[in-house]
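Here numbering that gives the first Met the number 0 is used: the first residue of the sequence shown is 0, the next is one more, and so on.
Where is the CB? At the ideal position from N, CA and C, for every residue including glycine.
The model shown is predicted, which means the values in this text are computed figures rather than measured ones.
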Amino acid sequence: MITLNKQNHDIKLVAVGDNKTNEFIKDSAGAVTFISEDKTIYLVIKQKGCRVKQIKAGIKSALANYKNNLNVDLDSFINQLGEENKDLVFNTVYETLSFWSHDVISYKKDSKPTKTEFNIETSKDFSELESAAVIKTEFVNYARDLQDTPPNIGTSEYYAEKISKDAEKIEGLKVTVLGRKEAEKLGMGLFLGVNAGSAHEPRIVVMEYCGDSTKPKTGLVGKGICFDSGGYNLKPSASMQGMKFDMSGAAIMLSATMALAKAKAKANIVAVAMFTDNKIGQNATLPESVLTSMNGLTVEINNTDAEGRLVLADGMTYAIREKGVDQIIEASTLTGALVIALGSSAIGVFTHQDELWNTFETASFQTRERMWRLPIFEEHLERVKSGAVLGDLSNAVKGYEGSSTAAAFLNEFAEEKPFIHFDIAGTADIDGRGQGVLVKTLFEVLK
0 MITLNKQNHD IKLVAVGDNK TNEFIKDSAG AVTFISEDKT IYLVIKQKGC RVKQIKAGIK
60 SALANYKNNL NVDLDSFINQ LGEENKDLVF NTVYETLSFW SHDVISYKKD SKPTKTEFNI
120 ETSKDFSELE SAAVIKTEFV NYARDLQDTP PNIGTSEYYA EKISKDAEKI EGLKVTVLGR
180 KEAEKLGMGL FLGVNAGSAH EPRIVVMEYC GDSTKPKTGL VGKGICFDSG GYNLKPSASM
240 QGMKFDMSGA AIMLSATMAL AKAKAKANIV AVAMFTDNKI GQNATLPESV LTSMNGLTVE
300 INNTDAEGRL VLADGMTYAI REKGVDQIIE ASTLTGALVI ALGSSAIGVF THQDELWNTF
360 ETASFQTRER MWRLPIFEEH LERVKSGAVL GDLSNAVKGY EGSSTAAAFL NEFAEEKPFI
420 HFDIAGTADI DGRGQGVLVK TLFEVLK
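1) Would you mind sorting C225 into buried or exposed? The rule is 16 or more other CB atoms within 10 Å of its CB.
2) Check each candidate in A340, V438, E329 and S343 and name the one with the smallest Cα separation from I419.
3) According to DSSP, simplified to helix, strand and coil, what is I327?
4) A237: buried (16+ other C-beta within 10 angstroms of its C-beta) or exposed?
5) Among L62, N68 and A56, which residue has its Cα nearest to the Cα of F117?
6) Counting only the same chain and skipping the five closest in sequence on each side, list residues whose C-beta sits under 7 Å from that of D86.
7) So the candidates are P150, V88, A131 and K114; which of them puts its Cα closest to the Cα of E120?
8) In whole angstroms, give me the CA-to-CA distance for L296 and N194.
9) Check whether the stretch 53-66 touches the stretch 91-107, taking contact to mean three or more Cβ pairs, one atom from each stretch, closer than 8 Å.
10) At the level of alpha carbons, what is the spacing between G16 and K38?
11) In this structure, what does DSSP give as the bridge partners for G433?
12) Can you have a look at V103 and say buried or exposed, based on whether 16 or more other CB atoms are within 10 angstroms of its CB?
13) Residues in the same chain with beta-carbon distance under 6 Å from M0, minus the five sequence neighbours each way, listed in chain order, please.
14) Between which two residues does the beta strand (DSSP E) harbouring N70 extend?
15) Under the three-state reduction of DSSP, which class applies to S393: helix, strand or coil?
16) For W371, which beta-bridge partners are listed by DSSP?
17) So for T440, helix, strand or coil by DSSP?
18) Following the continuous beta strand (DSSP E) through T39, name the residue where it begins and the one where it ends.
19) Taking the alpha-carbon positions, what's the S163 to C209 distance?
20) Alpha carbon to alpha carbon, how far is A362 from V436? Give it in angstroms, no decimals.
21) Under the DSSP definition of a beta bridge, which residues are partnered with L290?
22) Kindly list the residues whose CB is nearer than 8 Å to the CB of E94, restricted to its own chain and excluding five residues on each side of it in sequence; keep chain order.
23) Touching or not, the stretch 173-186 and the stretch 211-220, by the rule of three or more beta carbon pairs under 8 Å?
24) Mind checking which residues open and close the alpha helix (DSSP H) that includes F89?
25) In the DSSP assignment, find the unbroken beta strand (DSSP E) run with I203 in it and report its ends.
26) Using a 10 Å radius around the Cβ and a threshold of 16 neighbouring Cβ atoms, would you call N21 buried or exposed?
27) Between which two residues does the alpha helix (DSSP H) carrying K59 extend?
28) Quick check on N410: buried or exposed, where buried means 16 or more other Cβ atoms within 10 Å of its Cβ?
29) Tell me where the beta strand (DSSP E) around A272 begins and ends.
30) Kindly provide the ranges of any alpha helix (DSSP H) runs that are 4 or more residues long and lie completely inside the stretch 114-196, ordered along the chain.
31) Just how far apart, CA to CA, sit L185 and F125?
32) Just to confirm before moving on: does the CB-CB distance between G230 and A318 stay below 8 Å?
33) Smallest Cα separation from S403: which of G425, L373 and E299?
34) Check whether the stretch 349-362 touches the stretch 292-309, taking contact to mean three or more Cβ pairs, one atom from each stretch, closer than 8 Å.
35) Alpha carbon to alpha carbon, how far is E299 from S288? Give it in angstroms, no decimals.
36) Alpha carbon to alpha carbon, what distance is there between A264 and N90?
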């Protein structure tokens, strides 16, 4: 729990600058030093370099090394970055404390929940920012817990049941769960083709929130592959590691919607989360199969490991045709090519809509969730079409630029609606833990 001016703890966390007075304080940027006589942890913020990164690194280190409950002297941090940056400082400190103090999922025999508390001391009024920060960080952590769930537990049925139950606690949310029969009736041949080898039933979680009916209806579509073996195009064993995180897009889109609803935001949202796994089985889809999508386009399956774009295509069509959305925002751990291009440094963004991109880029500067725009050229779409021998489109074309051809494939299902695709393959999880990435930016854009 993080509180403002409510109680005192034994240890204080204070930010100091280049002109620190105590010779025992470590001099490197972002370093922390505990002076027992002062009962104080000193965090050094240098004027040279990214000061936000220094704050994040210092708080992470302080929490890792000093388990005591802390009094955080927020004004000392503001002094180092300047009054004009006080909102940025508050959000950075609050969000970092929330992220690193969160009890991540553990199934170890001796694991016990911690009850670390923080008191943020400040002479300034951050009540409005605090209200938003409490909700944003709650659902960043909620998304992280969904991501971290082991794949033997986190099946499509499990996620649908858990999320539906949790959503009942939030006023204004409507949740509908669709299964195989509904998907068959809707003609979701791509989604069902991915699920064909699974022992678990497919689930589509549709979450609706309307805080302002005059706002354009936004469709948030998320990839929910609970485990991706690659299907008959089986992944090598090393690439199987981390495939439980292939449902991160769905977790993020649903968590962002829950946050908006809890905040009673002036938003109009339909989130569509496509949950299944991608496995080898008696009825699993074979390479060179041709499947028919919900919107009628046929897709030649040239690689069963390019399954995410298949479930997303049917999810986008559902959002457009059944829910009447005006624009589509989609997130997925989609391509390994994106990891090669950007690593974990930034989210890859693809869109033809400059206005949508500008909106998200501006919000990302505030939330510090770095993103980078990449192209969808005409030749990318041409390759998606020409790569298919028997179908309208190929789900996996040969050659380079795999992230852009995947985005071009998805763009074919946007039906002329404004569409933006976030490839979070490199940022969704780091060091074996979910990051809840993009929840904060979605919240800021749509609130």
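Put simply:
1) Here residue 225 corresponds to residue number 226 of the sequence shown, with the count starting at 1. So C225 counts as buried.
2) Locating residue 419 in the sequence shown gives position 420, counting from the first residue. Closest option to I419, Cα to Cα, is E329.
3) Locating residue 327 in the sequence shown gives position 328, where the first residue counts as 1. Strand.
4) In the sequence shown, residue 237 corresponds to position 238, counting from 1. Exposed, since its Cβ has fewer than 16 Cβ neighbours within 10 Å.
5) Here the question's residue 117 lines up with position 118 in the sequence shown. For F117, the nearest C-alpha among the options comes from N68.
6) Locating residue 86 in the sequence shown gives position 87, where the first residue counts as 1. Cβ neighbours of D86 beyond the five flanking positions: L128.
7) Numbered from 1 along the sequence shown, position 121 holds the residue referred to as residue 120. Closest by alpha carbon: V88.
8) As a first step, residue 296 must be located in the sequence shown, where it is residue number 297. As a first step, residue 194 must be located in the sequence shown, where it is residue number 195. The alpha-carbon atoms of L296 and N194 are separated by roughly 19 Å.
9) yes
10) Locating residue 16 in the sequence shown gives position 17, where the first residue counts as 1. Locating residue 38 in the sequence shown gives position 39, where the first residue counts as 1. Near 19 Å, if we compare the C-alpha coordinates of K38 and G16.
11) Taking the sequence shown and counting its residues from 1, one reaches residue 433 at position 434. According to DSSP, G433 bridges with D428.
12) For the purposes of this step, residue 103 is taken as residue 104 along the sequence shown, with counting starting at 1. Classification of V103: exposed, given that the 10 Å Cβ count is below 16.
13) As a first step, residue 0 is located in the sequence shown; it is residue number 1 there, counting from the start. Only weak support is given to the placement of M0: the predicted model assigns it a pLDDT of 43, under 50, and the value that follows is read from those uncertain coordinates. Once the five neighbours on either side are set aside, the close Cβ partners of M0 are E116.
14) If you number the sequence shown from 1, residue 70 lands on position 71. Residues L69 to D72.
15) Working through the sequence shown from its first residue, we reach residue 393 at position 394. The answer is strand: DSSP assigns S393 an E or B state.
16) Numbered from 1 along the sequence shown, position 372 holds the residue referred to as residue 371. In DSSP, W371 forms a bridge with G347.
17) Taking the first residue of the sequence shown as 1, we reach residue 440 at position 441. It is helical.
18) Residue 39 sits at position 40 when you count from the first residue of the sequence shown. Residues T39 to V43.
19) Along the sequence shown, read from residue 1 onward, the residue named residue 163 stands at position 164. Along the sequence shown, read from residue 1 onward, the residue named residue 209 stands at position 210. Near 17 Å, if we compare the C-alpha coordinates of C209 and S163.
20) What you label residue 436 is simply residue 437 of the sequence shown in a count that begins at 1. What you label residue 362 is simply residue 363 of the sequence shown in a count that begins at 1. So the alpha carbons of these two residues sit roughly 13 Å apart.
21) Here residue 290 is taken as the residue at index 291 of the sequence shown, counted from 1. The partner list for L290 (beta bridge, DSSP) reads V298.
22) Locating residue 94 in the sequence shown gives position 95, where the first residue counts as 1. For E94, where only same-chain residues beyond five positions count, the Cβ hits under 8 Å are A132, K135, T136, V139 and K439.
23) no
24) Position 90 of the sequence shown holds residue 89. Where F89 is concerned, the enclosing alpha helix (DSSP H) stretches over K85 to S100.
25) Against the sequence shown, residue 203 aligns to sequence position 204. That run of the beta strand (DSSP E) goes R202 to C209.
26) Here the question's residue 21 lines up with position 22 in the sequence shown. Per the 10 Å Cβ criterion, exposed.
27) By one-based count along the sequence shown, residue 59 stands at place 60. Note, K59: alpha helix (DSSP H), R50 to N64.
28) Counted from its first residue, the sequence shown places residue 410 at position 411. Buried, because 16 or more other Cβ atoms sit within 10 Å of the Cβ of N410.
29) Taking the sequence shown and counting its residues from 1, the one referred to as residue 272 is at position 273. Unbroken beta strand (DSSP E) run through A272: N267 to N277.
30) 126-147, 155-166, 179-185 and 188-194
31) Taking the first residue of the sequence shown as 1, we reach residue 185 at position 186. Taking the first residue of the sequence shown as 1, we reach residue 125 at position 126. C-alpha separation (whole angstroms): 48 Å.
32) On the sequence shown, residue 230 is found 231 positions in, with the first residue counted as 1. On the sequence shown, residue 318 is found 319 positions in, with the first residue counted as 1. Going by C-beta atoms, G230 is not nearer than 8 Å to A318.
33) Locating residue 403 in the sequence shown gives position 404, where the first residue counts as 1. Checking every option, the nearest Cα to that of S403 belongs to L373.
34) no
35) Working through the sequence shown from its first residue, we reach residue 288 at position 289. Working through the sequence shown from its first residue, we reach residue 299 at position 300. Distance between the alpha carbons of S288 and E299: 6 Å.
36) Taking the sequence shown and counting its residues from 1, the one referred to as residue 90 is at position 91. Taking the sequence shown and counting its residues from 1, the one referred to as residue 264 is at position 265. Distance between the alpha carbons of N90 and A264: 19 Å.
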